[in-house]
Amino acid sequence: MNFESLAVRDFLQKYEPLIFYILITLILIIFLKNSRLIVNFFTKNFTKRQLIFLLLIITGLVFFNSFISPKSERILYDEDIYINTAQNVIAFERNQYCTDGNFLNGEYFCNTWLLNKQPPGYALSLSMFFRIFDVSRANAFLFNNIVFAVSIILIFITTYIVTKDFKVGIFSVFLYSLIPIVAHWHNSAAAEPISSLYLTATLLAFLVFIKTRKADFLGLGIFLFVLSVYTRYEFVLLVFPIIYLLVSYHKISLSIIKQKSFVPMSYLLLGFLLLIPILIHYLHVRNDPWGATDGATFSTAYFVRNFNANIGFFIQNKEFPILALLLILGIFISKRSRIIEFFSLAFIFSFGVYLFFYAGSYRYGADIRYALTSITPFIVSLSIGLFNIMKKFGDTRTILFLVIPILVNGVLLIPRMKYRGQEGWQALWDIEFIGNDIKNHIDEDDYVFTNTGFSYHIDEINTKSTDILYDKALVQSYLDTNKGEKYYFHFGFWCSLSPEQSSIADFCQNYVLQNFELESVIQQKTRGTEYVLYEIKGIKSESTDNLE
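Numbering-wise (this note's numbering), the sequence shown opens with residue 1247 and increments by one.
Next comes the structure, spelled out in structure tokens:
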């Protein structure tokens, strides 16, 4: 089978949204079917005073997280691709982003589209939110704020189920919320927050299956696992800690299978069938360089560099409260625990896979966001360590001499939560130039030639692909037709780079500027990067002999 064929791409664009809807529906059915058990979990394990306290803590942390860090895209264009893909899912029910499209009386039309090499789970999740709250960057930020709220609830539940200690559960929520990158990326439009949420939900579902011995939670874990892979390909490695957990509690697993052999096997078979499209998606894009111009995408050669940088994340007291590492001692003083081993394996696989990735270093641009995908199992493991220390030395001593210093240490990191990041500033300047300057200058019938049309479509600006500029006769026909619309060329971030650095910069500087009569209508220079909107007036006379 040719996984790189156009037929495969068309299949993925058409049917991945359907697969996603099936997954969400199955998860909701199981969730609703067992809603009474979920309600009983809160009513039987906690007093009303504890529930009110928990609600106040979660509400306060959500508001804190939502306002402490600036709401901003932090990766140039990547987040716009996700938002535009969600926009296309709503408009065309296709998993694609659009590079050449227009708006007519508020209706969206797309002429040229691409399949994103990244898995579609985040964009598809975002599309469901956009159906209610409309497509915008602000609503994408709001979506990730909600993701944060759900994440800390799941972290609390997971920690409590493991330790049966309310105080430890509250501690885990605070510890997670005081990590600067948690605030940074939950106020962005990046995919990592929802990826982390689905990973947490997957681990929790299998944990609940072991605790309750209900086949429905096995199915819930399987479907959440598939959903997590739809957000990050590498999450397929979670199958190893999951298998370890099921094998470790093989008596429980086997008893469920023997009692209800058809139900768990049907969940497993259906989960595997739903997993196939995302595996095909990966095979379709596996040969894409993913930006690795100087070597393989994955290689052992990256291990030492990435390991040193990524371990540093936990021990430099800049992005993670270093005192929290003391809780590892609590893990070692405990008896052997299959639950600790389960979460440790989940951390090892979610952390370790990036050590072999060319962009897997947390010091490689904005790729520190990958740390989000491994923080949850690490936080739960540390919370188990805290629980063991409390058992050995007492609650009061541990809180006074360990918990309070760790939380104070976390509070000291609050100033770092306010950082936007250098890549974030680059994204902000380009997006503001599009959404404010360009949108306010041009008319709704005008077109902008650009290689990043997806960014403009979020602001409902008509675009044409820069590839068309190679066909000068076609461009001239646009100018001659003149139904009142104007045609522009955006000289943006990529155009400002050195031609030796970027083929796009070479195209902008050595082809467009040399072959077309351009009039600068908006110009802005920020930190050495030039942003210009040119109106295309015609084709330079020395180039007219190439029109035929």
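Backbone N, C-alpha and C fix where the C-beta goes; we use that ideal spot for every residue, glycine too.
DSSP places Asn1248 in the coil class of the three-state scheme, outside both helix and strand. Ala1570 is positioned such that its CB atom lies no closer than 8 angstroms to that of Ile1660. Nearest in C-alpha terms to Tyr1716, of all of Thr1642, Phe1762, Gln1296, is Phe1762. Distance from Ile1398 to Ile1314 at the Cβ level is roughly 14 angstroms; contact not present, criterion being Cβ atoms closer than 8 angstroms.
The alpha-carbon separation between Gln1747 and Gly1730 amounts to approximately 38 angstroms. DSSP, read as helix, strand or coil, puts Ile1707 in coil. In the structure shown, Val1694 adopts extended strand secondary structure according to DSSP, grouped into three states. Residues of the same chain with a CB within less than 8 angstroms of the CB of Tyr1422, apart from the 5 flanking positions on each side, are Ser1397, Ile1398, Ile1401, Val1428, Ile1621, Thr1622, Ile1625 in chain order. Contact holds between the stretch 1405-1424 and the stretch 1628-1640, because three or more Cβ pairs, one in each stretch, are under 8 angstroms apart.
Unbroken alpha helix (DSSP H) runs of no fewer than 4 residues, entirely contained in the stretch 1459-1510, are found at 1461-1475, 1485-1494, 1496-1505, following chain order. Contact between Gly1367 and Tyr1476 is confirmed by a C-beta separation of about 3 angstroms, below the 8 angstroms threshold. Pairing His1687 with Leu1779 gives a Cβ-Cβ distance under 8 angstroms. By the CB criterion at 8 angstroms, Ser1499 and Leu1484 fall outside the cutoff. The residue from Thr1642, Ser1744, Ser1711 with its alpha-carbon nearest to that of Lys1413 is Thr1642. Unbroken beta strand (DSSP E) runs of no fewer than 3 residues, entirely contained in the stretch 1724-1778, are found at 1733-1737, 1762-1772, following chain order. Residue pairing by DSSP puts Thr1358 in a beta bridge opposite Asp1346.
The criterion of a C-beta distance shorter than 8 angstroms is satisfied by Leu1529 and Phe1249. Leu1361 is not a Cβ neighbour of Leu1252, given a cutoff of 8 angstroms. The distance from the Cβ of Ser1434 to that of Phe1387 is about 7 angstroms, consistent with a contact at the 8 angstroms cut-off. Phe1603 has Phe1544 as its beta-bridge partners, per DSSP.
Between the alpha carbons of Tyr1616 and Ser1494 lies a distance of about 29 angstroms.
Counting C-beta pairs with one atom in each stretch, the stretch 1693-1703 and the stretch 1321-1332 have three or more that are closer than 8 angstroms, which means they touch. With a cutoff of 8 angstroms on beta-carbon distance, Val1649 and Phe1486 are scored as not near each other.
Remark: C-beta atoms of Tyr1734 and Tyr1724 do not approach each other more closely than 8 angstroms. Between Asn1552 and Gly1606, the gap from beta carbon to beta carbon is short of 8 angstroms.
In the three-state scheme derived from DSSP, where H, G and I count as helix and E and B as strand, Gly1667 is classed as coil. For Phe1375, the enclosing alpha helix (DSSP H) stretches over residues 1367-1379.
Residue range 1426-1431 is occupied by the alpha helix (DSSP H) that includes His1430.
DSSP assignment within the stretch 1386-1437 yields the following whole alpha helix (DSSP H) runs of 4 residues or more, N-terminal first: 1412-1423, 1426-1431. As computed with DSSP, Glu1781 is found in a beta bridge with Tyr1734, Glu1765.
Between Leu1264 and the set Gln1296, Ile1327, Ile1336, Ile1284, the nearest pair of CA atoms involves Ile1336.
The beta-carbon separation of Gly1467 and Phe1455, rounded to 6 angstroms, stays under the 8 angstroms limit for a contact. In the structure shown, Glu1565 adopts coil according to DSSP, grouped into three states.
Gly1681 and Tyr1665 have their C-alpha atoms spaced approximately 22 angstroms apart. In this structure, the CA atom of Gly1656 is about 36 angstroms from the CA atom of Leu1464.
If only uninterrupted alpha helix (DSSP H) runs of at least 4 residues are considered, those enclosed by the stretch 1577-1654 are 1584-1598, 1618-1639, 1641-1644.
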